[in-house]
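Visitor: Everything in the sequence shown is counted per the numbering used here, starting at 14 for the first residue and increasing by one.
Here it is: the structure, laid out below.
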Amino acid sequence: MNTSELLAKYDIPAPRYTSYPTVPYWSADPTPDQWTAELQKVFQNNPQTPWSMYIHIPFCESLCTFCGCNTFITQNHANEASYTDVLHKEWATYLAKIPQLATAPIRQLHLGGGTPTFFSPDSLRRLLRPLMDQLTMENGRFEGSIEVGPRVTTREHLVALRELGFQRLSMGVQDFNPEVQRLINRIQPFEMTRDLTLAAREVGFESVNYDLIFGLPAQTEESFTQTIDTTIALRPDRIALYSFAFVPWVKKAHRLFTKNDLPKGAEKRALYELSREKLIDAGYVELGLDHFSLPDDSLNTAFNEDRMHRNFMGYTDERTDVMLGLGVSSISEAPTCFHQNEKGINEYKQRTLAGEIPTLRGHLLTDEDQRQREQILQFMTQQRVTLRDTAQADDARAYLSELRDDGLVEIDGLEMRMTERGRPFLRNAAIALDMRLRNNKPDTQVFSQAV
């Protein structure tokens, strides 16, 4: 069976496995007290547990029609001060309940959005300095990363972030083609991305990541080849090459497209394959799902040493078992619990200012959930996994019989691994480990297409 036939055969809805259980299968919602109790257990067992923080800044000045994030579209920059006050209140509430957060070492601090650089440089300082003054960093260092929008990010933003200790930038690029940019409502000339990349390096950022998306309207092999060639010329340290997750049942903006407007099937996957070939030829290394890095980047080092980690922030080069999410819709995790804040900004603000943990939903993991999460995490980061026993190995062989016959997956003893040919089908194979999905298939489509 040739590649086009395989892509058509296995292009089914499948999770991306940034968590397990996946969000549609969260069922045992914790109360705010249950969530904080699970978080407290971690630090009671080990007061020096390393942890990470994620801060969600939802604001954007305009709507990009491809976006699947929780955003709030506004040009009212008075939101910067009021939202900062709410974030500080949320942090104070957590700190009162779990004072060890101030003394346990923080390893990673990530700002995502939305567009975090919607905030002015001074607003970022006002947000971050009071938080960072209450955090403990080993040897004064942490991994600070932020998502930036080149259309609103200035050199002054970069200087402020470096002053605060941030070392990594992730730039939303998506596509350099002007027609694709017009259709997704994100006009971002090449020079804007180039100049911000150069400025980031000049002020001392250690790593620059580009987010690219294949499968957008009007993309062709010729046009996307030009985008990849331009990317290679600018030489970012990391590249996230995402498949456009078309989910119009979740995101209203996606209803501006139809499936007929988008490259699909073999046509869509060809955009990835030509990009992959060009990036590898240019010296990049393929890591995990949809990610590439230069060989000397710390993410590749972590991959080679089996330390690469995956969570709601994506792939990281260091594992922490606690991630505390602040801000509207932010997701947190502990070894035994997931937690998500209110998704509506007004509800989030009201509850937080009232001194509550603004819980919307979450999931208390069973012992079996925890075992399966570890296996799926290993598989999504290393493309191989150690199965628990012969019963699970026999089950995986039976479930993956077609992928095995097609040469995409191998099971040798208790090891299940992807073949080189099977790399595009990682999400399909991971379903073998996902008993919640296998035992309760959704009646409607809740996941994006696998390939």
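From the three backbone atoms N, C-alpha and C, an ideal C-beta is built for every residue, glycine too.
Decide yes or no for the touch test of the segment 79 to 89 against the segment 16 to 31: beta carbon pairs closer than 8 angstroms, at least 3 of them.
Guide: no
Visitor: Just to confirm before moving on: does the CB-CB distance between tryptophan 88 and alanine 115 stay below 8 angstroms?
Guide: Numbered from 1 along the sequence shown, position 75 holds the residue referred to as residue 88. Numbered from 1 along the sequence shown, position 102 holds the residue referred to as residue 115. The sequence shown places glutamine at residue 88, not tryptophan. A distance of 8 angstroms or more separates the beta carbons of glutamine 88 and alanine 115.
Visitor: At which residues does the beta strand (DSSP E) containing serine 75 begin and terminate?
Guide: In the sequence shown, the residue the question calls residue 75 occupies position 62. Per DSSP, serine 75 belongs to no beta strand (DSSP E) and is neither H nor E.
Visitor: Taking 6 angstroms as the limit between beta carbons, can you name the residues of its chain near glutamine 344, skipping five residues before and five after?
Guide: Looking up residue 344 in the sequence shown gives position 331. Per the sequence shown, the amino acid found at residue 344 is isoleucine instead of glutamine. Closer than 6 angstroms at Cβ, skipping near neighbours: Phe325, Gly338, Gln353.
Visitor: On the premise that leucine 307 lies in contact with methionine 321, defined as a C-beta separation below 8 angstroms, what is that separation, rounded to the nearest angstrom?
Guide: Position 308 of the sequence shown holds residue 321. Position 294 of the sequence shown holds residue 307. That pair is no contact at about 15 angstroms.
Visitor: Counting along the chain, where does the beta strand (DSSP E) carrying aspartate 374 start and finish?
Guide: Residue numbering aside, residue 374 sits at position 361 when the sequence shown is read from its first letter. Just to set this straight, residue 374 is arginine in the shown sequence, not aspartate. Per DSSP, arginine 374 belongs to the beta strand (DSSP E) from 372 to 377.
Visitor: Leaving out five residues before and five after phenylalanine 56 in sequence, what residues of the same chain have Cβ atoms less than 7 angstroms from its Cβ?
Guide: By 1-based counting over the sequence shown, the position of residue 56 is 43. If the five residues before and after phenylalanine 56 are omitted, its C-beta is found closer than 7 angstroms to the C-beta atoms of Thr62, Ile111, Gln113, Ala117, all from its own chain and listed in chain order.
Visitor: Given that a residue counts as buried once 16 or more other Cβ atoms are within 10 Å of its Cβ, and exposed if not, what is glycine 434?
Guide: Within the sequence shown, numbered from 1, the residue matching residue 434 stands at position 421. With the sequence shown as reference, residue 434 is identified as arginine, and glycine is not the correct amino acid for it. Classification for arginine 434: exposed.
Visitor: Which class does proline 37 belong to by DSSP, given the choice of helix, strand or coil?
Guide: Here residue 37 refers to the residue found at position 24 when the sequence shown is read from its first residue. Residue state, collapsed to three classes: helix.
Visitor: Does DSSP classify phenylalanine 203 as helix, strand or coil?
Guide: By one-based count along the sequence shown, residue 203 stands at place 190. In the structure shown, phenylalanine 203 sits in a helix (DSSP, three-state: H, G or I).
Visitor: Tyrosine 30 by DSSP, collapsed to three states: which one?
Guide: Taking the sequence shown and counting its residues from 1, one reaches residue 30 at position 17. Here tyrosine 30 sits in coil by DSSP.
Visitor: Can you tell me the Cα-Cα spacing of valine 341 and leucine 373, whole angstroms?
Guide: As a working mapping, residue 341 is identified with position 328 in the sequence shown. As a working mapping, residue 373 is identified with position 360 in the sequence shown. The alpha-carbon atoms of valine 341 and leucine 373 are separated by roughly 10 angstroms.
Visitor: Pick helix, strand or coil for glutamate 156, following the three-state DSSP scheme.
Guide: Taking the first residue of the sequence shown as 1, we reach residue 156 at position 143. Of the three classes helix, strand and coil, the one that applies to glutamate 156 here is strand, per DSSP.
Visitor: Kindly indicate which three-state DSSP category serine 311 falls into: helix, strand or coil?
Guide: Residue 311 sits at position 298 when you count from the first residue of the sequence shown. The answer is helix: DSSP assigns serine 311 an H, G or I state.
Visitor: From aspartate 310 to arginine 248, what does the alpha carbon distance come to, in whole angstroms?
Guide: Within the sequence shown, residue 310 is the residue found at index 297, counting from 1. Within the sequence shown, residue 248 is the residue found at index 235, counting from 1. Approximately 12 angstroms, taken between the alpha carbons.
Visitor: Taking the beta strand (DSSP E) that phenylalanine 305 belongs to, which residues open and close that run?
Guide: As a working note, residue 305 is residue 292 in the sequence shown. Counting along the chain, the beta strand (DSSP E) containing phenylalanine 305 begins and ends at 304 to 306.
Visitor: What does DSSP give as the partner residue(s) for asparagine 324 in the beta ladder?
Guide: Numbered from 1 along the sequence shown, position 311 holds the residue referred to as residue 324. Answer is Gly327.
Visitor: Which value, in whole angstroms, describes the spacing of the CA atoms of alanine 212 and arginine 440?
Guide: Residue numbering aside, residue 212 sits at position 199 when the sequence shown is read from its first letter. Residue numbering aside, residue 440 sits at position 427 when the sequence shown is read from its first letter. Approximately 37 angstroms, taken between the alpha carbons.
Visitor: If you follow the alpha helix (DSSP H) that isoleucine 358 is in, where does it begin and where does it stop?
Guide: On the sequence shown, position 345 is the one that residue 358 refers to. Isoleucine 358 -> alpha helix (DSSP H) spans 358 to 366.
Visitor: Going along the chain, which residues of its own chain have a beta-carbon closer than 6 angstroms to the beta-carbon of glutamine 121, five neighbours each way excluded?
Guide: In the sequence shown, the residue the question calls residue 121 occupies position 108. Here the set comprises Ser65, Glu156.
Visitor: State the start and end residues of the unbroken beta strand (DSSP E) segment that holds valine 341.
Guide: As a first step, residue 341 is located in the sequence shown; it is residue number 328 there, counting from the start. Valine 341 -> no beta strand (DSSP E), and no H or E assigned at all.
Visitor: Name the two residues that bound the continuous beta strand (DSSP E) containing phenylalanine 227.
Guide: The residue given as residue 227 occupies position 214 in the sequence shown. 220 to 227 is the span of the beta strand (DSSP E), which, as asked, contains phenylalanine 227.
Visitor: In chain order, what residues of the same chain lie with their CB nearer than 6 angstroms to the CB of tryptophan 262, ignoring the 5 residues before and after it?
Guide: On the sequence shown, position 249 is the one that residue 262 refers to. Residue confidence for tryptophan 262 is low, a pLDDT of 46 falling below 50, so the modelled location carries little weight; the figure read from the coordinates is stated next. Taken in chain order, the list of residues that qualify is empty.
Visitor: Please state whether the Cβ-Cβ distance between arginine 4 and isoleucine 424 is less than 8 angstroms.
Guide: Lying outside 14 to 464, the shown extent of the chain, residue 4 is not represented and no answer is given.
Visitor: Do the CB positions of leucine 141 and leucine 177 come within less than 8 angstroms of each other?
Guide: As a position in the sequence shown, residue 141 is number 128, starting the count at 1. As a position in the sequence shown, residue 177 is number 164, starting the count at 1. Yes, they are a contact pair.
Visitor: According to the Cβ coordinates, are isoleucine 389 and aspartate 447 closer than 8 angstroms?
Guide: As a first step, residue 389 must be located in the sequence shown, where it is residue number 376. As a first step, residue 447 must be located in the sequence shown, where it is residue number 434. Cβ distance < 8 angstroms, so isoleucine 389 and aspartate 447 count as in contact.
Visitor: When burial is assigned at 16 or more other CB atoms within 10 Å of the CB, is arginine 154 buried or exposed?
Guide: Residue numbering aside, residue 154 sits at position 141 when the sequence shown is read from its first letter. By the neighbour-count rule (16 or more Cβ atoms within 10 Å), arginine 154 is not buried but exposed.
Visitor: Spatial neighbours of arginine 332 within its chain, please: C-beta separation below 6 angstroms, excluding the five flanking residues on both sides.
Guide: Taking the sequence shown and counting its residues from 1, the one referred to as residue 332 is at position 319. Hits under 6 angstroms: His322.
Visitor: Could you tell me if proline 202 is buried or exposed, where buried requires 16 or more neighbouring beta carbons within 10 angstroms of its beta carbon?
Guide: The count along the sequence shown starts at 1 and reaches residue 202 at position 189. So proline 202 ends up on the exposed side.
Visitor: Which class does tyrosine 255 belong to by DSSP, given the choice of helix, strand or coil?
Guide: Residue 255 sits at position 242 when you count from the first residue of the sequence shown. Here tyrosine 255 sits in strand by DSSP.
Visitor: The alpha helix (DSSP H) spanning arginine 434 covers which residue range?
Guide: As a working mapping, residue 434 is identified with position 421 in the sequence shown. Arginine 434 -> no alpha helix (DSSP H), and no H or E assigned at all.
Visitor: Buried or exposed: glutamine 383, going by 16 or more other Cβ atoms within 10 Å of its Cβ?
Guide: Numbered from 1 along the sequence shown, position 370 holds the residue referred to as residue 383. Looking at its Cβ environment, which holds fewer than 16 other Cβ atoms inside 10 Å, glutamine 383 is exposed.
Visitor: Determine the direct distance from the alpha carbon of leucine 225 to that of phenylalanine 131, and round the result to whole angstroms.
Guide: As a working mapping, residue 131 is identified with position 118 in the sequence shown. As a working mapping, residue 225 is identified with position 212 in the sequence shown. Near 21 angstroms, if we compare the C-alpha coordinates of leucine 225 and phenylalanine 131.
Visitor: Give me the Cα-Cα distance between asparagine 222 and threonine 210, rounded to the nearest whole angstrom.
Guide: Residue numbering aside, residue 222 sits at position 209 when the sequence shown is read from its first letter. Residue numbering aside, residue 210 sits at position 197 when the sequence shown is read from its first letter. Each residue's alpha carbon lies about 9 angstroms from the other.
Visitor: Give the list of continuous alpha helix (DSSP H) stretches no shorter than 4 residues that lie fully inside the segment 66 to 135.
Guide: 92 to 110
Visitor: With a threshold of 8 angstroms on Cβ separation, who are the neighbours of lysine 291 within its own chain once the five nearest residues in sequence on each side are excluded?
Guide: Counting from one through the sequence shown, the residue named residue 291 turns up at place 278. Within the same chain, lysine 291 has close Cβ partners Thr238, Ile241, Asp242, Ile245.
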